[in-house]
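K.L.:
Residue numbers (numbering that gives the first Met the number 0): 0 to 201.
Ideal Cβ positions, reconstructed from N, Cα and C, are used throughout, including at glycine.
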Amino acid sequence: MKAQVPSWLRPLLGKGLLWRVDTSSKVIYLTFDDGPVPEVTPEVLAILDEYGWKATFFCVGENVMRYPELYRRLIDSGHRTGNHTYNHLQRFKTAPAAYLSNVYKARERIDSNLFRPPHGQITRNVSRVLRRDFTIVMWDVLTYDYDASMREEDIMNLLGKELRPGSIVVFHDSLKARDRVLKVLPKALEYWKLNGYSYGLL
Ligand SMILES: [Zn+2]
0 MKAQVPSWLR
10 PLLGKGLLWR
20 VDTSSKVIYL
30 TFDDGPVPEV
40 TPEVLAILDE
50 YGWKATFFCV
60 GENVMRYPEL
70 YRRLIDSGHR
80 TGNHTYNHLQ
90 RFKTAPAAYL
100 SNVYKARERI
110 DSNLFRPPHG
120 QITRNVSRVL
130 RRDFTIVMWD
140 VLTYDYDASM
150 REEDIMNLLG
160 KELRPGSIVV
170 FHDSLKARDR
180 VLKVLPKALE
190 YWKLNGYSYG
200 LL
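(1) Would you check if the distance between the CB atom of T31 and the CB atom of D172 is smaller than 8 Å?
(2) Let's see if you can read the secondary structure: which residues bound the beta strand (DSSP E) around Y28?
(3) Might you give, ordered along the chain, the residues of its own chain that have their beta carbon closer than 6 Å to the beta carbon of V43, omitting 5 neighbours on each side?
(4) Given a threshold of 16 other Cβ atoms within 10 Å of its Cβ, counted over all protein chains shown, does D48 qualify as buried or as exposed?
(5) Run the CB neighbour count on L174, radius 10 Å, all protein chains shown included, and call it buried at 16 or more, exposed below.
(6) In terms of residues, what are the limits of the beta strand (DSSP E) holding T84?
(7) Just list the beta strand (DSSP E) runs in the stretch 52-111, keeping only unbroken ones of 3 residues or longer that don't cross its boundaries, in chain order.
(8) Can you grab the Cα-Cα spacing for the pair V63 / L69, in whole Å?
(9) Do the CB positions of T134 and L17 come within less than 8 Å of each other?
(10) Count the CB pairs spanning the stretch 142-156 and the stretch 108-122 that are closer than 8 Å, and state whether there are at least three.
(11) Relative to the C-alpha of V168, which residue among F57, V102 and Y98 is closest?
(12) Mapping the DSSP letters down to three states, classify R115 as helix, strand or coil.
(13) Looking only at its own chain, which residues have a Cβ that is under 8 Å from the Cβ of Y198, when we skip the five neighbours before and after it?
(14) Does at least one heavy atom of ligand 1 sit under 7 Å from the Cβ of P35?
Here's what the structure looks like:
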């Protein structure tokens with residue numbers, strides 16, 4: 000399970016990982032992992048449209064293969080996409096060579112120089128290779144929207160507490176997160192707009 004990574008631990012995962020954009024401007028980098036899927040992604044897109052907000056979708060290659068028209072829609076709507084491996088592999092359970100070839104397999108379908116490791120699992124040897132072709136995008140604000148025990152107000156409180164200018168926020172356009180992401184996202188966007196935040200694109 001992906002978890003918030005304390006700042007002291009971050010350098011140990013490797014050099015050159017992007018945890019937050021260094022800026023004092025009120026810009027938020029909104030990201031969605033694990034899609035695209037027809038049960039969630041179109042609704043997320045509709046919400047983003049309503050608020051005029053753009054995001055980066057870290058897509059699973061297998062999903063892009065299944066739903067190419069949905070992937071196309073992400074791009075055509077002005078959002079960015081990133082690579083999240085072909086089979087949502089966990090680095091700690093996969094040999095380096097197999098992991099890397101899965102990333103490059105996904106790259107055949109996802110034309111992006113952004114990569115986010117599933118479950119945030121990355122190691123120095125793999126990140127050293129991937130950094131030649133990708134910016135490795137981590138996060139500083141995880142919403143835990145995949146966790147069914149999280150209530151809407153828990154997620155809103157967490158966002159209120161942890162968000163800073165330049166924050167990289169993670170939601171999921173996945174079945175597991177569906178109930179929470181569709182409820183919380185409009186509230187978060189409403190709140191951000193009201194407080195003078197705008198979107199940044201990675
Ligand atoms: Zn993921």
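P.N.:
Considering the structure as presented:
(1) Sequence index remark: in the sequence shown, residue 31 carries index 32 (1-based). Sequence index remark: in the sequence shown, residue 172 carries index 173 (1-based). Per the sequence presented here, residue 31 reads as Phe, with Thr not at that position. Contact flag set, yes.
(2) In the sequence shown, counting from the first residue as 1, residue 28 sits at position 29. Start and end: V26 to D32.
(3) In the sequence shown, residue 43 corresponds to position 44, counting from 1. Hits under 6 Å: D172.
(4) Stepping through the sequence shown from its first residue, residue 48 is reached at position 49. Exposed, by the Cβ-count rule.
(5) Here residue 174 refers to the residue found at position 175 of the sequence shown. Per the 10 Å Cβ criterion, exposed.
(6) Along the sequence shown, one-based indexing puts residue 84 at 85. Where T84 is concerned, there is no enclosing beta strand (DSSP E), given that its DSSP letter is neither H nor E.
(7) 55-58 and 79-82
(8) Here residue 63 refers to the residue found at position 64 of the sequence shown. Here residue 69 refers to the residue found at position 70 of the sequence shown. Taking the straight line from one Cα to the other gives about 8 Å.
(9) By 1-based counting over the sequence shown, the position of residue 134 is 135. By 1-based counting over the sequence shown, the position of residue 17 is 18. Against a cut-off of 8 Å, the Cβ pair of L17 and T134 comes out as a contact.
(10) no
(11) Here the question's residue 168 lines up with position 169 in the sequence shown. When only C-alpha atoms are compared, the closest one is F57.
(12) Here residue 115 refers to the residue found at position 116 of the sequence shown. Correct three-state label for R115: coil.
(13) For this step, residue 198 is matched to residue 199 along the sequence shown. Excluding residues within five positions, the ones whose Cβ falls inside 8 Å are V26, I27, Y28, L29, W52, K53 and A54.
(14) For this step, residue 35 is matched to residue 36 along the sequence shown. Not so, every heavy atom of ligand 1 lies at least 7 Å from the Cβ.
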